[in-house]
Structure formats: C-alpha cells, structure tokens
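> Going by the numbering used here, the letters in the sequence shown line up with residues 4 to 252, in that order.
Even for Gly, the Cβ is constructed at its ideal location relative to N, Cα and C.
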Amino acid sequence: QGAGVEPTTITYDAVLVGVSGANAWETGTRLLREMELGSRANPAATPGNFTYSLLAKMYAARSDWARGAAVLDRMHRRALAPDRVTYSGIILSFARHRMWQRAVEVYEGLGDRADEFTGGAILKAMCLCKKWERVVDYIERWCRSDRKPNQIMFNTALDGVAQHGPPSAVLQLLQLMQTIDVTKSAVTYNTLLNAYAQKRRWQKAEQVIEAMHRARVQPDVYTHNTLMKAYRTAGQHTRALQLLDIMLG
C-alpha cells in the first residue's frame, strides 16, 4: 500500500499459500482478520472461498478444531458457500482432536454435496480415530449407492482397517473391491503391507506378497522395503537377510 498499489484477494491468497505451507497459523489468522476488517474500504481484497479453505487446512494441520469449525460460521456470515476443501479440512480438524462424532456430523450434513474428496476425508478421519467399523460401514454404503468408492478411497480404508480392525474386515473390503470391479494395484497391496508392518504383523505382510503374486501384480522396491520394515520391527532378522539376498538376485 505504501507503493500506491492496494493488495487484492489474489495477493493475500498468494501470501496465505506460503504461510499455510510454513504452518504459520497465527500469521494466517492475522491476515484473514485484516482482510475481513478492510474489505469495506478495499472490496478487491475481500476473502473468498479459497482464502477460508487455506485457513481450514492450516487449522486442520495443528488439530485446532475450534478455529476450524469457526471458519464455517465466518463464511456463512459472508454468504459464502464452503467448498469441499474447506469441509475436508474441518472434518480432519475434528478427527485429529479425536472428536469423531463432530467429524461425522459435518460430513453427514453435506448430504448430496458429499463427493469422493469429502468421502476420502471422512475415511481418513475415522482411521485417525480408530473407528474401523465406521470405515467399513461407509464403504459398504457407497457400494450400494450410485456413488461408488474409487481405488484411493479403498486404499485409505484398507490402511485404517488393517491397523485397527480384524482380518475379516480387511477381507470384506477386498471382496467389495472385487464386487464393484475396482482394480487392486501395487499401491493397494503396499498400503496393506505398510499397515501390517506398523503393527509388526510380519506373517500378514508375507500373505500380502503372496496375494500380489496370485493377482499377477509386480512387487516394487517399496513393496520389498516395507516387507523389510515388517521383519525389522518384529525382530525377524534372519528373514530380513533372506529378503535382501532375494533382492540382490
């Protein structure tokens, strides 16, 4: 402004993108407040959907559910319709604070506006809160509807269920993938593999490798490294050495 050029919404949003990447939420909050207070004097700098989405994402990263929820109120006061990025950020804010019921309320409140993006967010939220039953419920519900879950959503669900649910639930998800013809890629198997590695279930990890071979999906370097991680965390050093020999040919 000192140079005689007034900043616009695009100007502020560009700064907020950098601030968001640095997770400098206090600066982001100050800039948003500055935009809201100065919008009458400078309408060109009025905060928009993207502005609030950036703040919602920032608050989600720091598990600030209260500020995240307030973003919706601030947008409604300005007659702005929150987009899927904003809603997803708020859903994850609640989840990171283990307030899974509030996350569900936000998602269910979307109704027909819910899509694959916000669906992915509620799956991640339920996984964060270790609510594997709800993860399976959502996938089953979507499989029965016109809005079928995609491979990314299944991978998200498998990651959470493999870590916190029973083997039967994992099998149920894999069967649902087959029922609606969703391809199991190397990413799908690697997601399962990583989940089992984190829980030190090296026998289950080996079963994933066997399933990959049966499905004719080629294991990649990430697959082998993750299996190595499963052996290492479970103290299976002999098997880790055997795997290294296989990798070396």
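At what residues does the alpha helix (DSSP H) containing residue 86 begin and finish?
Counting from one through the sequence shown, the residue named residue 86 turns up at place 83. Residue 86 -> no alpha helix (DSSP H), and no H or E assigned at all.
> Residues in its own chain within less than 6 Å of residue 47 by CB, not counting five upstream and five downstream?
Taking the sequence shown and counting its residues from 1, one reaches residue 47 at position 44. Cβ within range, chain order: 11.
> Is the beta carbon of residue 63 less than 7 Å from the beta carbon of residue 95?
Position 60 of the sequence shown, counted from the start, is the residue given in the question as residue 63. Position 92 of the sequence shown, counted from the start, is the residue given in the question as residue 95. It is a contact, given that the beta carbons lie within the stated cut-off.
> Check residue 115 in the structure and name its three-state DSSP category.
Position 112 of the sequence shown holds residue 115. Looking at residue 115 - three-state DSSP - the assignment turns out to be helix.
> Considering Cα atoms alone, identify which of 89, 129, 39, 58 is closest to residue 25.
Within the sequence shown, residue 25 is the residue found at index 22, counting from 1. Nearest option by C-alpha distance: 58.
> Are three or more beta carbon pairs between the region 199-219 and the region 179-186 nearer than 8 Å?
As far as the Cβ criterion goes, the region 199-219 does not touch the region 179-186, which means the pair count is below three.
> What is the C-beta distance between residue 142 and residue 179, in whole angstroms, given that I count them as a contact (C-beta under 8 Å)?
As a position in the sequence shown, residue 142 is number 139, starting the count at 1. As a position in the sequence shown, residue 179 is number 176, starting the count at 1. Sure, about 6 Å apart at Cβ, within 8 Å.
> Between residue 231 and residue 243, how many whole angstroms is the CB-CB distance? I'm expecting something under 8 Å.
As a position in the sequence shown, residue 231 is number 228, starting the count at 1. As a position in the sequence shown, residue 243 is number 240, starting the count at 1. Right, their Cβ atoms sit about 6 Å apart.
> Short of 6 Å in beta carbon distance, which residues of its chain neighbour residue 78, apart from the five on each side in sequence? Order them along the chain.
Here residue 78 refers to the residue found at position 75 of the sequence shown. Hits under 6 Å: 55, 85.
> Skipping 5 residues on each side, what residues in its chain have a beta carbon closer than 7 Å to that of residue 208?
Numbered from its first residue, the sequence shown carries residue 208 at position 205. Here the set comprises 196, 199, 200, 230, 233.
> I'd like the list of long-range same chain contacts for residue 166, defined as Cβ closer than 7 Å, with 5 residues on each side in sequence excluded.
In the sequence shown, the residue the question calls residue 166 occupies position 163. Hits under 7 Å: 198, 201, 202.
> In angstroms with no decimal places, state the Cα-to-Cα distance between residue 2 and residue 249.
Past the boundaries of the shown model lies residue 2; the chain is included only from 4 to 252, so the question cannot be answered.
> Give the list of continuous alpha helix (DSSP H) stretches no shorter than 4 residues that lie fully inside the region 180-236.
Here the runs fully enclosed are 189-201, 205-217, 224-236.
> State yes or no: is the C-beta of residue 121 within less than 7 Å of the C-beta of residue 87?
Residue mapping note: residue 121 aligns to position 118 of the sequence shown, counting from 1. Residue mapping note: residue 87 aligns to position 84 of the sequence shown, counting from 1. Result yes, Cβ atoms of residue 121 and residue 87 sit closer than 7 Å.
> Classify residue 225: buried if its beta carbon has 16 or more other beta carbons within 10 angstroms, exposed otherwise.
For the purposes of this step, residue 225 is taken as the residue at position 222 of the sequence shown. Within a 10 Å sphere around the beta-carbon of residue 225 sit fewer than 16 other beta-carbons, which makes this residue exposed.
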